[in-house]
Amino acid sequence: MSVVARHAAFPASPRGVAALDQRRHRIAARSSSRGLARPIRAVARPSRITEESAPATTRREAAVSAAFALAALVAGPAEATPPRQSFDVPPDAFKPLPGTNPPIMYYDIKGGGSTEGGARPGQRVAVHFDVKFRRITIATSRQGAGVTGGVPYGFQVGAPAGTPGGPFIKAFNEGIKGMGPGQFRRMIVPPEYAYGNQQVQEIPPNSTLTVDLELLSVAARA
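Going by UniProt numbering, 53 is the number at position 53 of the sequence shown; the sequence numbering is gapless.
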């Protein structure tokens with residue numbers, strides 16, 4: 001039993017109280033001489049670890065915040081872009097395009113069904129296109145489409161292919177016949193209306209191509 005507990009258990013006399021006080025002072029003096037009553041300097045002193053780790057923590061938090069901000073900037077548009085649709089057209093659904101020889105075979109996926117009216121020679125049109133060889137897209141206006149649907153391609157109807165203002169292959173001039181804004185047409189294009197006997201990138205000479213053509217707008221003047 002401790003000194004305090006032993007004396008607290010019985011009534012104390014005046015002499016006993018004085019003796020107890022003296023004993024308490026002696027215990028306190030011994031404790032002070034052993035360093036028990038000294039302040040703990042390690043607690044009061046600024047910690048080196050705290051000083052050095054705070055900037056590192058701030059840098060890590062800033063890096064994480066920047067990564068999330070970049071992901072938000074990148075993911076935002078990726079989520080808003082509608083998926084590109086693919087359309088399978090049965091071979092027997094295609095029809096020969098009038099005035100072409102050998103014939104360009106076509107099928108209207110959206111709108112149309114006629115080769116009369118629509119864009120006329122001399123008018124400037126804006127289109128989206130996909131050119132495919134063996135089901136692989138080798139040219140498109142929809143690259144990096146984003147929310148705006150890519151950059152439309154413009155040409156003057158009837159201008160010779162490969163000339164300023166004209167399309168880059170003859171099939172565009174033929175395929176645009178009868179098309180109105182919003183119409184979407186697929187064509188099977190023989191080499192005579194594509195790249196002919198030329199080697200173009202991965203496309204061998206005398207190759208047949210698949211061309212998707214979507215008419216967006218027709219200008220009043222060229």
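Beta carbons: idealized from backbone N, C-alpha and C, even for Gly.
Reducing DSSP to helix, strand and coil, say where residue i ends up.
i	result
residue 175	helix
residue 195	coil
residue 35	Reliability of the predicted coordinates at residue 35 is poor, the pLDDT of 45 falling under 50, and no value is obtained from them.
residue 91	helix
residue 46	In this prediction, residue 46 has a pLDDT of 38, which is less than 50 and means its spatial position is unreliable; nothing more can be read from the coordinates.
residue 168	coil
residue 96	strand
residue 141	coil
residue 185	strand
residue 219	coil
residue 135	coil
residue 125	strand
residue 154	strand
residue 120	coil
residue 109	strand
residue 104	coil
residue 163	coil
residue 208	coil
Would residue i and residue j qualify as a contact pair, given that the criterion is a beta-carbon distance under 8 Å?
i	j	result
residue 179	residue 119	yes
residue 167	residue 155	yes
residue 182	residue 111	yes
residue 159	residue 194	no
Between which residues of its own chain and residue i is the CB-CB distance below 8 Å, once the five residues before and five after are set aside?
i	result
residue 197	191, 205 and 206
residue 176	118, 119, 125, 127, 157, 213 and 215
residue 89	107, 109 and 186
residue 103	96, 97 and 190
residue 76	The pLDDT assigned to residue 76 is 26, lower than 50, so where the model puts this residue is not dependable; a value taken from the coordinates is nonetheless given after this. The answer is none, since no qualifying residue turns up.
Please report the straight-line C-alpha distance between residue i and residue j, rounded to a whole angstrom.
i	j	result
residue 212	residue 125	15 Å
residue 137	residue 131	6 Å
residue 151	residue 133	22 Å
residue 91	residue 202	24 Å
residue 199	residue 96	26 Å
residue 209	residue 189	5 Å
residue 142	residue 153	10 Å
residue 218	residue 174	16 Å
residue 161	residue 87	27 Å
residue 105	residue 135	16 Å
residue 169	residue 184	18 Å
Might you give, ordered along the chain, the residues of its own chain that have their beta carbon closer than 7 Å to the beta carbon of residue i, omitting 5 neighbours on each side?
i	result
residue 93	107
residue 101	none
Quick check: is any heavy atom of the ligand ADP less than 7 Å from the C-beta of residue i?
i	result
residue 200	For the structure depicted, the ligand ADP is absent and the ligand set is empty, with no information on it obtainable.
Sorted by chain position, which residues of the same chain lie with C-beta nearer than 6 Å to residue i's C-beta, five sequence neighbours on each side aside?
i	result
residue 99	none
residue 140	130
Do we get a CB-CB distance below 8 Å when we pair residue i with the residues of chain C?
i	result
residue 123	The chain labelled as chain C is not found in the depicted structure, where only one protein chain is given.
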